[in-house]
Amino acid sequence: MAKWIWYPFDYEVYHSLKLHARREEYGYRRPCCWRQDDCWHDVVFRKTAVLAGERKVRFCANGEGHLVIDGQRLPYGEYVLGPGKHELEALVCKLDGLPCAYADGGEASTDESWEATCLDGRWHPAGCSDFYREPEDNPEVFPFAYEPIPPVSAEEINGGVLYDFGKETFARIAAKCGGVPAALSYGESREEALDHANSIVRDRMEAGEERLLPPRALRWLFVTGPRENFSFSAEYEYLPLEYRGAFRCSDEKLNRIWDTCAYTFHLNSREFFLDGIKRDRWVWSGDAYQSYLVNNYLFRDGGLTRRTIAALRGKEPFTRHINTILDYSLYWVLSIGEYYADTGDAGFVRSLWEKMVSLMEFCLSRTDKDGFATEHPGDWVFIDWAPLDKEYAACAEQMLLAAALETMADCAQLAGADGQGYRQKAAALREKIAEKFWDEEKGAYIDSFASGKRLVTRHTNLFALRYGFAEGKKREKILRNVLQNDAVEPITTPYFKFYELEAWCEMGELDFVRREILSYWGGMLDLGATSVWETFDPRESGAEHYAMYGDKFGKSLCHAWGASPVYLLGKYFLGVKPASGAWETFTVEPGLGGLEWMEGTVPTPRGDVKVRCRGKIAEAAAPFPSGTLVWGGKSVPIPAGETVFLEAE
């Protein structure tokens, strides 16, 4: 079936450019603070098509240009081609948008089999999407869905009307103003909506004006003036996604947490994985790195992951870190290796290999004689919103770099390249990390050796556990001296709670993890949250919870990095994990973690795995073979299409 085609990854670049210009603050647009690339505007597509019979082929273009059919230049339109081989070319120029081509006619139809060039002398497989299969479709318009959402209440207050939509949402509003101008304040909290001077997102309608307002995040909407002066209808804008993952258990609060995390994640799953729907409405590589994992246990939408990875990288030349952040460039490399391990999609790796190489060359050009990645002017060493010691060379960055170099070596094989140099650099870097950053007296890795502070944080040591720097006795010491040590500064962001709770899960401490989820995420729900916040500090009270970055309502109350319980409950409680690449084999090793019962579904590339546990009995089923149920010290194969049971002693 025919699809619209474009230059590879230009669809992602084009929609990323549009997305990153939409953020609003205090009545003005705030474009992002890193380079945004544009699509190529003059593109040629080609294919040698062998037709089994006579075909009527309809050719269309999103832009200006012409066809070349068997050497003859022709306008776009409908042509009858005879059986046999035909050389087809479509030239498209679109100065103000995304040049695309479409052909519908048997073997000549446009799809991945066509090639594209930006006239640089190189040809690549064309990009396309199942979103755009009809000649009337427009790849410049992202295919969101819309549903009417009326407010659940309206309250006359402070000289206006406060509308409550019942929960966090993302909506476009069709508004009509009467004879008096009206000021609009959008709020993720009631307090924000009622404080027009400090509300982040706001608008104004003139007397008699009728307008479709841009889609925006909100739960509350405050409109000045009498109710009869302003009328509107609202539509929820969203990407239709199937909830393949599911979780239910004996703890109703934990069920609410899973639901809230899943809803938060869906709100932020749009053209790409966003950080938050109010602020920033941008794509950040560190946030996205976690979103890929949550996606695997909820929607398993591979297109969303691939779009995000492609959009983050943009075009050549690579002259500055992704999002300006050193760690975020390294996460980008790691994400490709993890995507391949999960899906076996070598073609995607090969399509990005040249960009992986140039990114890593840039990173290595900024290392010192020991191979340590250091901060340069214009760089941001982030790690987390925490007081880490980042002087000169931060240990956490070196761990990420070593892991990224190993990923480069693995991916080189898929691309037909020699990855031995990357592997050697990674091995040497691992030795230097152990030499410079391991503090035997503290029994932990320190953040930085340059400052002399010998500061120990959870963040650095969590990376040591995650990326293989803590085997044997080092692992035991980190557990005792860092993770179990209340004197070490606690983590306050859901971002790094992800890594902390993942580490506890890996150590089998599911009861502890369950209690942490109930305390941290449950604490937000206790305060009325309908989506997960960017940060949460239980020591704060009232409107203090909404402040950040020096703004009274600067904190995002719908942040994708807070959705990690979906991943943790699916991977470690339901216990569904790949045992080999691309889920060729898998294990189901559930852990109740103090729950009386639980049941759920985990999506995989080969089908959905269902798990149920109650008391001493566990059961699992999958529509494909090569799985093993592990429970109570026993194991049993899971035949395709059958449900197997195990009872613990």
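Going by the UniProt record's numbering, the sequence shown opens with residue 1, and the numbers climb by one from there. For each residue, glycine too, the CB sits at the ideal point set by N, CA and C.
Check	Outcome
Does DSSP put His266 in a helix, a strand or coil?	helix
Leaving out the 5 sequence neighbours to the left and right, which residues in its chain are closer than 6 Å to Ala393 when beta-carbon positions are compared?	Phe372, Thr374
For Ser531, count neighbouring C-beta atoms within 10 Å of its own C-beta (all shown protein chains included) and say buried if the count is 16 or more, exposed if not.	buried
At the level of alpha carbons, what is the spacing between Gly187 and Gly522?	22 Å
Please report the Cβ distance between Gly63 and Val92, rounded to the nearest whole angstrom; I am assuming they are in contact, meaning their Cβ atoms lie under 8 Å.	4 Å
Determine the direct distance from the alpha carbon of Glu441 to that of Val456, and round the result to whole angstroms.	11 Å
Within the same chain, show all residues whose beta-carbon is closer than 7 Å to that of Lys577, passing over the 5 residues directly before and after it, in chain order.	Lys571, Phe586, Thr587
Are there 16 or more other CB atoms within 10 angstroms of the CB of Met1, so buried, or fewer, so exposed?	exposed
For His559 and Glu500, what's the separation of their Cα atoms in angstroms?	18 Å
Does the Cβ of Thr604 have 16 or more other Cβ atoms within 10 Å, making it buried, or fewer, making it exposed?	buried
Can you tell me whether Pro387 is buried or exposed? The criterion is at least 16 other CB atoms within 10 Å of its CB, across all chains shown.	exposed
Would you check if the segment 211–227 and the segment 112–120 touch, i.e. whether three or more CB-CB distances between them fall below 8 Å?	no
Mapping DSSP to helix, strand and coil, what is Ala234?	strand
Flag this pair as touching only if the segment 258–266 and the segment 202–209 have three or more C-beta atom pairs under 8 Å; answer yes or no.	no
Specify the secondary structure class of Cys118 as computed by DSSP and reduced to three states.	coil
Can you tell me whether DSSP reads Leu218 as helix, strand or coil?	strand
DSSP three-state label for Ile157, please.	strand
Leaving aside the five residues before and after Asn295 along the sequence, list all residues of the same chain whose C-beta is less than 7 Å from its C-beta, in chain order.	Asp301, Leu304, Thr305
Take Leu74 as the anchor and find which of Pro83, Ala61, Lys85 has the nearest alpha-carbon.	Ala61
Opposite Pro135 in the DSSP bridges: which residues?	Answer is none; Pro135 lacks a bridge partner.
So the candidates are Phe553, Phe299, Val482, Gln36; which of them puts its Cα closest to the Cα of Trp282?	Gln36
Can you give the Cα-Cα distance for Gly528 and Arg219, rounded to whole angstroms?	12 Å
Tell me, to the nearest whole angstrom, how far the beta carbon of Val333 is from that of Ala404; I am working on the premise that it is less than 8 Å.	4 Å
Does the segment 243–251 touch the segment 602–619, meaning 3 or more C-beta pairs lie closer than 8 Å?	yes
Would you please state the rounded distance, in angstroms, between the beta carbons of Trp561 and Pro494? I believe it to be under 8 Å.	5 Å
Is the beta carbon of Ala415 sitting closer than 8 Å to the one on Arg350?	yes
Assuming Gly607 is part of the beta strand (DSSP E), what are its boundary residues?	607–614
For Ala622, which of Pro637, Trp385, Ser185 has the nearest alpha-carbon?	Pro637
What does the Cβ neighbour count give for Phe645, buried or exposed, with the cut at 16 atoms within 10 Å?	exposed
Using the rule of at least 16 other Cβ atoms within 10 Å of the residue's Cβ for burial, across every protein chain shown, is residue 650 buried or exposed?	The structure shown does not extend to residue 650, since the chain spans only 1 to 649, so no value can be given for it.
Using the Cα positions of Tyr328 and Gly633, report the straight-line distance between them to the nearest angstrom.	40 Å
May I have the straight-line CA-CA distance separating Ser233 from Phe142, to the nearest angstrom?	22 Å
Suppose you measure from the CA of Leu359 to the CA of Gln398; what does that come to, to the nearest Å?	16 Å
Name the one or two DSSP bridge partners that Arg211 has.	Ala175
Provide the residue(s) that pair with Tyr146 in DSSP beta bridges, ordered along the chain.	Glu237
In terms of residue numbering, what span does the beta strand (DSSP E) encompassing Gly84 cover?	84–93
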